[in-house]
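Enquirer: The structure under discussion is supplied below as structure tokens; questions concerning it will follow.
Protein chains: 4
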Amino acid sequence: MTVKVAVAGATGYAGGELLRLLLAHPEVQIAELTAASSAGTPLGQHQPHLAPLADRIVGETSVERLAGHDVVFLALPHGHSGEIAAKLGDDVLVIDLGADHRLADETDWQRWYGGTHAGNWPYGLPELPGAREALRGTRRVAVPGCFPTGGSLALAPALAAGLVEPEVTVVAVTGTSGAGKSLKPHLLGAEVMGSASAYGVGGVHRHTPEFIQNLSAVAGQRVTVSFTPVLAPMPRGILTTASAPLGENTDGSAVREVYEKAYAEEPFVRLLPEGQWPTTAATLGSNNVQLQVTVDEQAGRLVVIAAIDNLTKGTAGGAVQSMNIALGLPETTGLPATGVAP
Amino acid sequence: MTVKVAVAGATGYAGGELLRLLLAHPEVQIAELTAASSAGTPLGQHQPHLAPLADRIVGETSVERLAGHDVVFLALPHGHSGEIAAKLGDDVLVIDLGADHRLADETDWQRWYGGTHAGNWPYGLPELPGAREALRGTRRVAVPGCFPTGGSLALAPALAAGLVEPEVTVVAVTGTSGAGKSLKPHLLGAEVMGSASAYGVGGVHRHTPEFIQNLSAVAGQRVTVSFTPVLAPMPRGILTTASAPLGENTDGSAVREVYEKAYAEEPFVRLLPEGQWPTTAATLGSNNVQLQVTVDEQAGRLVVIAAIDNLTKGTAGGAVQSMNIALGLPETTGLPATGVAP
Amino acid sequence: MTVKVAVAGATGYAGGELLRLLLAHPEVQIAELTAASSAGTPLGQHQPHLAPLADRIVGETSVERLAGHDVVFLALPHGHSGEIAAKLGDDVLVIDLGADHRLADETDWQRWYGGTHAGNWPYGLPELPGAREALRGTRRVAVPGCFPTGGSLALAPALAAGLVEPEVTVVAVTGTSGAGKSLKPHLLGAEVMGSASAYGVGGVHRHTPEFIQNLSAVAGQRVTVSFTPVLAPMPRGILTTASAPLGENTDGSAVREVYEKAYAEEPFVRLLPEGQWPTTAATLGSNNVQLQVTVDEQAGRLVVIAAIDNLTKGTAGGAVQSMNIALGLPETTGLPATGVAP
Amino acid sequence: MTVKVAVAGATGYAGGELLRLLLAHPEVQIAELTAASSAGTPLGQHQPHLAPLADRIVGETSVERLAGHDVVFLALPHGHSGEIAAKLGDDVLVIDLGADHRLADETDWQRWYGGTHAGNWPYGLPELPGAREALRGTRRVAVPGCFPTGGSLALAPALAAGLVEPEVTVVAVTGTSGAGKSLKPHLLGAEVMGSASAYGVGGVHRHTPEFIQNLSAVAGQRVTVSFTPVLAPMPRGILTTASAPLGENTDGSAVREVYEKAYAEEPFVRLLPEGQWPTTAATLGSNNVQLQVTVDEQAGRLVVIAAIDNLTKGTAGGAVQSMNIALGLPETTGLPATGVAP
């Protein structure tokens with residue numbers, strides 16, 4: 001099979017990572033590349049690491065340019081995907097790396113993002129219960145946010161098994177590429193290096209409703225989520241610390257087994273041996289999730305640590321994994337199983 | 001007043017920061033410097049940033065060398081301070097930057113550190129209720145751990161005012177100097193840079209009982225603490241994310257006022273203007289604490305963010321601040337009120 | 001003496017470092033703070049590390065606001081200082097941290113910067129031959145560029161003593177604050193971290209003519225300079241590697257002595273003991289220069305390594321040092337003699 | 001073809017990178033993994049990023065374990081490879097990532113490393129004149145040092161074409177993984193981050209004779225090399241700034257053409273478009289070399305900038321590339337052509 005793909009938003013961080021993965025994908029032919037303000041320039045100016053595509057000229061994002069491909073990836077600011085997708089045929093696989101099609105609830109959408117709700121597409125986190133099935137054969141995929149990727153995988157098994165109360169706390173330390181190539185003073189290297197800082201504190205980060213949606217579905221009841229993102233001085237990676245009060249009848253010794261079972265067959269999720277803890281560096285550039293789980297008897301809480309690469313499993317890798325499932329390819333095709341370390 | 005001081009452990013990170021502060025202290029004369037394996041070498045080999053002391057030869061740590069000073073700072077591995085302090089006169093101000101005299105409970109000590117409990121000294125975190133009074137005129141000070149410094153200041157006002165339930169969650173992102181100059185593979189630059197990782201997860205970090213002791217005293221009841229330290233790629237700094245369930249009758253709008261009142265007179269603690277969030281870089285090299293507080297209505301939690309420099313306010317700065325109080329000097333003498341940024 | 005100072009460009013990196021130093025200066029009263037686009041906002045928004053000035057409102061830069069002070073520091077983009085200085089009285093000490101008054105040659109100015117040449121002021125690098133004398137009592141100071149600061153001090157003794165041929169090579173590794181708070185994609189944290197890159201290669205960096213001017217004056221003949229700046233993932237610091245062919249009759253064993261003599265009386269320049277090499281971290285936040293010198297017999301070259309903090313000795317510290325000299329204060333007043341490390 | 005390989009030194013940085021590449025190599029079966037002190041432990045403890053090999057138990061390095069493979073990679077401290085290689089059959093392809101077989105001159109070996117000279121093998125830098133031919137069909141390969149890889153490729157075309165005098169200056173900024181997993185204080189994260197430092201200055205770094213050997217062979221005359229390595233706060237990457245005086249009759253405008261020709265057919269070396277400069281991040285994890293060249297008329301020097309990943313092209317990638325050539329496989333097999341950025 002040769003799949004002809006187009007990538008809109010090719011000059012950003014998500015687009016760049018996507019192209020890196022697609023270049024190594026044996027069934028993909030990279031056709032159209034588009035962008036907004038950098039249209040007309042060679043890709044090598046924006047993505048100097050993508051040597052094989054350095055001389056490709058980036059086109060301007062438009063339905064005309066994107067039409068006629070088997071797969072169209074949209075790595076665009078929120079609010080732009082719905083309209084484009086509507087004009088591409090139903091037979092085109094459209095994979096939205098933005099937020100437009102993640103939330104099922106229209107009110108949620110309007111409260112958190114504003115504007116018209118573009119609808120809700122199958123969710124590209126196949127490791128969640130039911131998600132893989134919904135992705136098979138679909139022609140529309142909503143790629144999860146980077147924070148909900150790590151945090152949902154960290155907590156889903158415990159919530160599904162009723163091990164914890166539905167009141168979770170998530171503190172996620174992220175590399176700065178998560179903010180995209182935005183020219184903001186607080187993202188300058190001189191500001192970022194040597195500094196940790198929190199933002200979007202107190203439930204105001206836009207990934208909060210996505211967390212609640214995912215975890216409530218898994219738990220079968222409304223889950224509250226206290227979510228705090230922390231910016232750390234690294235280009236990539238998310239280290240999630242997730243915890244929740246143990247349920248009244250939870251047997252601490254059963255916890256590990258629940259996690260082992262939940263992810264035993266998952267190619268990209270690895271529960272580390274006891275005593276070893278996840279590091280984001282170990283997942284760099286890979287589609288892997290490293291997990292560890294423990295019980296804090298004194299505090300009466302389950303604590304889970306998860307490491308991912310925000311641009312790979314948290315964005316572009318999740319997108320390619322979903323593409324593979326949607327197209328009926330082996331799920332791991334073209335996806336790096338090893339990190340780049342040290 | 002000229003205070004003659006000795007520093008044991010002068011070649012480590014805590015000792016180095018202490019000397020940096022003491023060099024700028026107008027009432028201090030730096031006399032004896034001692035260490036263990038590096039005795040006999042010039043300080044400049046170990047602390048090249050301390051130019052004025054570069055040619056000083058470091059002596060071997062012993063009671064004989066330390067005796068005869070007005071103030072003795074002990075920056076030693078745990079288990080070494082008790083014996084030395086016992087042999088120094090009661091008129092010498094002994095300030096222990098290690099863990100030996102922090103815990104009041106002997107059973108706690110034995111469980112977490114092992115060996116004989118050296119006793120409990122006035123606690124060098126003057127911003128906690130009652131602590132400043134206990135430090136006045138004392139000749140023994142137990143300097144707090146770096147994590148309990150930030151975390152206790154973040155949560156004390158809320159617990160004291162009964163705004164939250166006594167079940168707190170603390171995730172603290174720390175620079176790697178917190179681990180000291182230990183030659184361990186996971187602390188190598190190549191491992192640390194570009195990586196975030198958790199350790200001591202699930203209530204097994206030795207600062208946990210210190211957290212519980214501090215917060216329980218403030219709350220007037222047993223407080224449970226879920227504490228997770230996270231190593232981030234920066235030399236210094238701790239960013240603490242602390243949260244707890246809101247009390248049943250807590251009025252969210254009253255929270256900020258409680259924090260404002262609590263720290264209004266504190267020279268080193270600053271509640272930032274609403275909308276501005278702490279960054280560790282802003283506290284680098286200073287004795288400052290930056291705080292911000294908010295209420296997450298959806299999750300029903302109070303969330304507090306605190307930034308400190310782990311080596312300054314979290315260790316050596318707290319030690320000098322305590323010395324100032326013990327000796328009756330103005331509390332801020334010789335302590336940097338500005339960070340070094342960017 | 002109490003010196004009333006104004007700082008124009010208070011919200012940038014140079015301005016921020018200057019204010020940090022001035023806050024600790026015993027003879028200075030910080031009066032007016034001005035800026036361009038951020039006028040009207042509190043300084044704490046831009047310089048959160050300067051806690052004591054957090055609530056100060058920044059004014060708009062204008063001659064009116066700056067007039068009436070004993071000292072006016074101008075930390076402005078090039079091309080702005082000349083006009084302002086001309087309108088401030090001759091009795092006001094004007095210290096220009098920008099490039100406008102560094103070059104003596106009008107043709108050089110026009111070639112490298114363009115526009116009208118604002119003239120040439122006494123040069124704020126007192127360690128160069130004759131410079132300290134020119135600064136005494138002056139009311140105009142041109143603060144050197146950060147690269148020429150380290151590079152000139154590295155090479156001046158050898159050139160003055162005729163130890164080397166007048167053909168020098170300088171590669172200077174710099175932290176990213178040297179580029180200022182500019183919102184450019186290549187300065188984003190995600191781009192900078194984990195990457196080293198050269199820029200302004202081949203003699204096109206604007207500090208090149210300043211290098212040539214300084215070194216030619218010292219050597220008493222035209223010196224050619226091959227200068228390459230390299231951006232490294234750190235907020236601050238410049239590590240200069242400077243080398244030149246040994247003169248025909250140079251006795252390698254005499255080299256160290258020449259450097260020792262040259263800087264024996266300099267309070268801020270330290271030739272390290274043999275075998276110890278400069279690190280930028282050791283100079284962080286201090287006005288210090290660390291130097292080491294060696295002879296490579298095989299290559300027939302003298303090699304000198306110099307470490308400075310680009311924002312302190314390389315900009316704001318040099319400015320304060322020059323102010324002290326100009327005003328007749330002890331030269332080291334208010335300047336940090338120790339770095340902040342690790 | 002399926003090639004059975006053994007890797008000695010599997011727990012170090014070079015060994016880890018080699019395994020990462022070999023896991024993605026379609027013709028390779030990874031058989032034996034050995035180490036010294038960590039023998040008997042699972043590889044996942046030392047290389048957590050190599051998920052597919054996490055449960056492999058590392059054996060102790062010995063001739064017995066290494067024998068019986070088609071290819072044996074030796075990533076050992078210097079002085080250990082000669083003896084092992086002598087006992088492996090002549091039909092085994094032995095690839096030495098250490099220094100033992102790089103230097104042709106026995107006196108050089110003894111002066112720089114000491115001990116018995118193990119001999120000189122075909123040199124694994126196929127882009128040098130004649131090197132590719134020598135690698136074809138060989139059963140012994142000496143992988144170049146990381147610094148000579150970047151520096152030799154930067155200067156070879158100019159020296160071969162006689163564009164420059166044979167007196168070169170190389171300053172190479174390196175990530176800290178280049179020093180290996182050595183437990184030395186100056187390699188600790190807290191020391192490394194935020195700091196640049198030079199070491200091995202003045203021609204005393206052990207890669208110096210390798211530089212001279214490579215460049216003299218290319219130039220057809222003795223080349224002097226002033227080489228300064230600089231440690232920068234990044235895990236990987238080498239940015240080389242190389243320069244040399246222009247030859248008397250060199251036409252500056254011809255320089256670019258010489259470089260274009262030299263590398264036109266090389267799959268891993270890319271001369272960037274004019275105006276674009278190499279960054280190490282763009283080569284991270286890839287086997288690529290990014291080059292740019294310019295002429296500094298004022299200084300009369302040719303200046304070349306080269307970026308590589310020290311662990312990939314500079315070590316393990318060069319080893320795999322050489323293996324491919326030696327075995328008659330397509331040279332690029334299994335080697336990443338794109339970097340991981342940002």
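Residue numbers (UniProt numbering), protein chains in the order written: chain A, 1 to 342; chain B, 1 to 342; chain C, 1 to 342; chain D, 1 to 342.
We put the CB at the ideal spot given by N, CA and C, even for glycine.
1. What does DSSP give as the partner residue(s) for E167/B in the beta ladder?
2. Between L97/C and N120/C, is the Cβ-Cβ spacing less than 8 Å?
3. Could you run through the stretch 20-34 of chain A and flag, in chain order, every residue whose CB is less than 9 Å away from some CB of chain D?
4. Can you tell me whether V340/B is helix, strand or coil according to DSSP?
5. Under DSSP, the beta strand (DSSP E) around Q290/B begins and ends at which residues?
6. In terms of residues, what are the limits of the beta strand (DSSP E) holding I57/A?
7. So S177/B contacts chain D; which residues on that side make the cut at Cβ distance below 7 Å?
8. Do I305/B and A232/A count as a contact pair if the criterion is CB distance below 8 Å?
9. Find the nearest neighbour of A281/D within the set G180/A, T228/A and R236/A, judged by alpha-carbon distance.
10. So, is the C-beta of D296/C closer than 8 Å to a C-beta in chain D?
11. In the DSSP assignment, find the unbroken beta strand (DSSP E) run with K261/B in it and report its ends.
12. At which residue ranges does the stretch 141-185 of chain D contain complete beta strand (DSSP E) runs of 3 or more residues, listed in the order of the chain?
13. Just mark L76/B as buried or exposed, buried being the case when its beta carbon has 16 or more other beta carbons within 10 Å.
14. Is the beta carbon of P144/D closer than 8 Å to that of E210/D?
15. Per DSSP, what kind of secondary structure is Y13/A in: helix, strand or coil?
16. For a contact meaning CB atoms closer than 8 Å, what does V340/C contact in chain G?
17. Where do the N-terminal and C-terminal ends of the beta strand (DSSP E) with R301/B fall, by residue?
18. From the DSSP output, in three-state form, read off F211/B for me.
19. Does the distance from the C-beta atom of G9/D to that of Q47/D stay below 8 Å?
20. Quick one, are the C-beta atoms of G339/C and L21/C less than 8 Å apart?
21. The beta strand (DSSP E) with D96/A in it runs from where to where?
22. Residues of chain C with CB closer than 8 Å to the CB of W277/D, please, in chain order.
23. Along the chain, where does the alpha helix (DSSP H) containing V63/D start, and where does it finish?
24. For L135/B, report the span of its alpha helix (DSSP H) as first-last.
25. Would you say G317/A faces chain D, with C-beta separation under 8 Å as the test?
26. Find out if the Cβ-Cβ distance for the pair S81/B, L74/B is shorter than 8 Å.
27. Select from the stretch 206-234 of chain B all residues with a C-beta closer than 8 Å to any C-beta belonging to chain D, and list them in chain order.
28. If you compare alpha carbons, which of T116/A, V71/A, Q45/A and G124/A is closest to G314/A?
29. What do you reckon, are the CB atoms on V201/B and I212/B nearer than 8 Å?
30. Is any beta-carbon of chain B found at less than 8 Å from that of H310/C?
31. Pick helix, strand or coil for P52/D, following the three-state DSSP scheme.
32. So what's L311/C in DSSP terms, helix, strand or just coil?
33. Quick check: the stretch 51-65 of chain C against the stretch 28-38 of chain C, are at least 3 beta-carbon pairs closer than 8 Å?
34. Looking at the strands, I want to know which residues DSSP matches up with Y123/B.
35. Pull up the distance between the alpha-carbon of P129/D and that of V7/D, whole angstroms please.
36. Can you find a C-beta in chain D that's less than 8 Å from the C-beta of R270/A?
Expert: So, from the data block:
1. T224/B
2. no
3. R20, L23 and A24
4. coil
5. V289 to D296
6. Looking at the DSSP string, I57/A is not in any beta strand (DSSP E), and its letter there is neither H nor E.
7. A190
8. no
9. R236/A
10. yes
11. Looking at the DSSP string, K261/B is not in any beta strand (DSSP E); the run it does join, the alpha helix (DSSP H), is V255 to Y263.
12. 167-174
13. Buried: at least 16 other Cβ atoms inside 10 Å.
14. yes
15. helix
16. Annotation note: the requested chain G is absent from the structure, which comprises protein chains A, B, C and D.
17. R301 to I308
18. helix
19. Contact annotation: G9/D and Q47/D have beta-carbon atoms that are not nearer than 8 Å.
20. no
21. L93 to D96
22. S197, A198, Y199 and V201
23. V63 to L66
24. Where L135/B is concerned, the enclosing alpha helix (DSSP H) stretches over A131 to L135.
25. No - not a single Cβ of chain D is within 8 Å of the one on G317/A.
26. Between S81/B and L74/B, the CB-CB gap stays under 8 Å.
27. P233 and M234
28. G124/A
29. No, they are not a contact pair.
30. The amino acid occupying residue 310/C in the given sequence is Asn; His does not appear at that position. So, not an interface residue.
31. helix
32. coil
33. yes
34. A142/B
35. Rounded to whole angstroms, P129/D and V7/D show a C-alpha spacing of 29 Å.
36. yes
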